[in-house]
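**Q** The working numbering puts the sequence shown at residues 23 to 344.
I'd like to ask you about the structure that follows.
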Amino acid sequence: MPLVTTTEMFKKAYDGGYAVGAFNVNNMEIVQGITEACQETRSPVILQVSKGARAYANHTYLVKLVEAAMIENPDIPICLHLDHGDSFELCKSCIDGGFTSVMIDMSSKPFEENIAITKQVVEYAHAHGVVVEAELGTLEGVEDEVVVEAGQASYTRPEEVEEFVDKTGCDSLAIAIGTSHGAYKFRPEQCTLNEDGVLVPPPLRFDVLDEVVKRLPGFPIVLHGSSSVPQEFVEMVNKYGGNMPDAIGIPEEQLRQAAKSAVCKINIDSDIRLAMTANIRQHFAEHPEHFDPRQYLKPARAAVKDMVKRKIINVLGSDNKI
Ligand code: G3H
Ligand code: 13P
Ligand code: ZN
């Protein structure tokens, strides 16, 4: 099937109480691992490309890799999405270049400026059959080249969402309820210790989400920064020569709860990076004589596939939803 927009995907997800996974793609192994997992679990998927991914792999290579994945996995709906577009020009270039969805992220700008640029992108995108995700509220961490320092992040203000959606015409809205980008989402001092001595981060602000949903009934909500940073992979990285102290993510059960509500798209990148890196480190430690990239990229690709299947089952609930 050809690339799809998120319109139908989100309607089904909203009504069905699940979310569609949006996974970042940067190379062939990542595209293959994600789409094979989705084909096997019969799950719709959003493959998203950041500005950094485009700079790394080149727009044409990424589009062609996704086209190959569509041919190899013909049963699953695939949307090709720009992650964190930071200008009208970047969004236009992706719309003209075959993407079916773009995000314009002006969340770090004042409200009126966010509205004006988002509206400009929406007008161009809709005229070309492409949908638009926008953002209100800021997440801590690194979003492409924008670094939001700890303490500078702000939750979405529910009282702004109706005016924003009304004035911009955006198709979905990313909100800030306590998630953040990267593998270090909380400092240990922000967490509590459970009886097993495991650090438990502060809960997501479901009250903010509920208030947004009350004001925008039926409207698809997006969560960024939703990796869970599974500790077994952090331990693997550290065991085989890495150094990732105090890497902490969002507990999977909280994301599962969000996926059952109006949250229709959940963004995951760091967990895929972590799974690949842990496996490659282990491979090098166990096979120091290997130098053919296929020897370590093959298990790395399998690790991506396993991680995506885990997300589909534990977090998204999108299996058998094609
Ligand atoms: O939100 C950020 C995504 O994880 C993409 O990261 O800009 O390093 O490609 P990147
Ligand atoms: P993570 O860093 O939590 O995987 O978030 C990815 C993301 O939000 C991409 O836009
Ligand atoms: Zn993001």
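Even for Gly, the Cβ is constructed at its ideal location relative to N, Cα and C.
Taking the beta strand (DSSP E) that residue 148 falls in, what are its first and last residues?
**A** Start at 1 with the first residue of the sequence shown, and residue 148 comes out as number 126. Careful: residue 148 lies outside any beta strand (DSSP E), inside the alpha helix (DSSP H) at 133 to 149.
**Q** Report the three-state DSSP secondary structure of residue 257 (helix, strand or coil).
**A** As a first step, residue 257 must be located in the sequence shown, where it is residue number 235. Of the three classes helix, strand and coil, the one that applies to residue 257 here is helix, per DSSP.
**Q** Is the Cβ-Cβ distance between residue 84 and residue 67 less than 7 Å?
**A** The sequence position of residue 84 within the sequence shown is 62, counting from 1. The sequence position of residue 67 within the sequence shown is 45, counting from 1. No; because the gap between Cβ atoms is not below 7 Å, this pair is not in contact.
**Q** So what's residue 305 in DSSP terms, helix, strand or just coil?
**A** Within the sequence shown, residue 305 is the residue found at index 283, counting from 1. Correct three-state label for residue 305: helix.
**Q** Please go through the same chain and pick out, in chain order, the residues whose beta-carbon is closer than 7 Å to the beta-carbon of residue 336, but skip the five residues on each side of it.
**A** Looking up residue 336 in the sequence shown gives position 314. Cβ neighbours of residue 336 beyond the five flanking positions: 274, 278.
**Q** Could you check what DSSP says for residue 90 in three-state terms: helix, strand or coil?
**A** Locating residue 90 in the sequence shown gives position 68, counting from the first residue. In this structure, residue 90 counts as helix in the three-state DSSP scheme.
**Q** Sort 64, 62, 60, 52 by Cα distance to residue 79 and report the nearest one.
**A** By one-based count along the sequence shown, residue 79 stands at place 57. Closest option to residue 79, Cα to Cα, is 52.
**Q** May I ask you to verify whether the segment 263 to 270 touches the segment 309 to 316, counting CB pairs closer than 8 Å and requiring at least 3?
**A** Judged by Cβ distances under 8 Å, the segment 263 to 270 makes no contact with the segment 309 to 316, as fewer than three pairs qualify.
**Q** Identify every residue that forms a DSSP beta bridge with residue 95.
**A** One-based indexing of the sequence shown puts residue 95 at position 73. Bridge partners of residue 95: none, in fact.
**Q** Between residue 194 and the ligand G3H, is the CB less than 6 Å from at least one heavy atom?
**A** The residue you call residue 194 lines up with position 172 of the sequence shown. Outside the cutoff, so no.
**Q** Can you tell which of 76, 59, 58, 23 has its C-alpha closest to the C-alpha of residue 49?
**A** For this step, residue 49 is matched to residue 27 along the sequence shown. Cα-wise, what sits closest to residue 49 is 76.
**Q** I'd like to confirm the pairing. Which residues does DSSP put opposite residue 280 in its beta bridges?
**A** To locate residue 280, count along the sequence shown from 1; it is residue 258. Answer is none; residue 280 lacks a bridge partner.
**Q** First and last residue of the beta strand (DSSP E) that includes residue 70?
**A** Translated into the one-based positions of the sequence shown, residue 70 becomes position 48. Segment 67 to 72, the beta strand (DSSP E) holding residue 70.
**Q** My parser needs the beta strand (DSSP E) runs of 3 or more residues fully inside the segment 183 to 210; what are they?
**A** Entirely contained in the segment 183 to 210, the beta strand (DSSP E) runs reaching 3 residues are, in chain order, 194 to 197.
**Q** Give the single residue among 88, 33, 32, 74 whose Cα lies nearest to the Cα of residue 23.
**A** Counted from its first residue, the sequence shown places residue 23 at position 1. Looking at the Cα atoms, 88 is the closest of the given residues.
**Q** When we look at the beta-carbon of residue 164 and count the other beta-carbons within 10 Å, is it buried (16 or more) or exposed?
**A** Position 142 of the sequence shown, counting from 1, holds the residue named residue 164. Only weak support is given to the placement of residue 164: the predicted model assigns it a pLDDT of 49, under 50, and the value that follows is read from those uncertain coordinates. Label assigned to residue 164: exposed.
**Q** Go through the segment 98 to 128 residue by residue and report every complete run of the alpha helix (DSSP H) that reaches 4 residues or more, in order.
**A** Listed in chain order, they are 110 to 118.
**Q** What residue range does the beta strand (DSSP E) around residue 55 cover?
**A** Sequence index remark: in the sequence shown, residue 55 carries index 33 (1-based). Residue 55 -> not in any beta strand (DSSP E); alpha helix (DSSP H) instead, spanning 50 to 63.
**Q** By DSSP's criteria, residue 245 is part of a beta bridge. Which residues make up the other side?
**A** Here residue 245 refers to the residue found at position 223 when the sequence shown is read from its first residue. According to DSSP, residue 245 bridges with 288.
**Q** DSSP state of residue 336, grouped into three classes?
**A** Here residue 336 is taken as the residue at index 314 of the sequence shown, counted from 1. Looking at residue 336 - three-state DSSP - the assignment turns out to be helix.
**Q** State the beta-bridge partners of residue 158 as determined by DSSP.
**A** Position 136 of the sequence shown, counted from the first residue, corresponds to residue 158. The partner list for residue 158 (beta bridge, DSSP) reads 197.
**Q** Can you give the Cα-Cα distance for residue 300 and residue 261, rounded to whole angstroms?
**A** Taking the first residue of the sequence shown as 1, we reach residue 300 at position 278. Taking the first residue of the sequence shown as 1, we reach residue 261 at position 239. Their Cα atoms are separated by approximately 9 Å.
**Q** Classify residue 196 as buried or exposed, calling it buried when 16 or more other Cβ atoms lie within 10 Å of its own Cβ.
**A** Taking the first residue of the sequence shown as 1, we reach residue 196 at position 174. Buried, since its Cβ has 16 or more Cβ neighbours within 10 Å.
**Q** Checking the sheet assignment: what are the DSSP bridge partners for residue 214?
**A** Here residue 214 corresponds to residue number 192 of the sequence shown, with the count starting at 1. In the DSSP output, where bridge partners are listed per residue, residue 214 has 222.
**Q** With a threshold of 6 Å (Cβ to nearest heavy atom), would residue 246 be considered close to the ligand ZN?
**A** What you label residue 246 is simply residue 224 of the sequence shown in a count that begins at 1. Yes, since a heavy atom of the ligand ZN falls inside the 6 Å radius drawn around the Cβ of residue 246.
**Q** For residue 334 versus residue 122, is the C-beta spacing smaller than 7 Å?
**A** Against the sequence shown, residue 334 aligns to sequence position 312. Against the sequence shown, residue 122 aligns to sequence position 100. Not a contact, by the Cβ cut-off of 7 Å.
**Q** Should residue 48 be counted as a contact of the ligand ZN given a C-beta to heavy atom distance under 6 Å?
**A** Taking the first residue of the sequence shown as position 1, residue 48 is located at position 26. Outside the cutoff, so no.
**Q** Helix, strand or coil for residue 41? Go by DSSP, reduced to three states.
**A** As a working mapping, residue 41 is identified with position 19 in the sequence shown. Coil at residue 41, not helix or strand.
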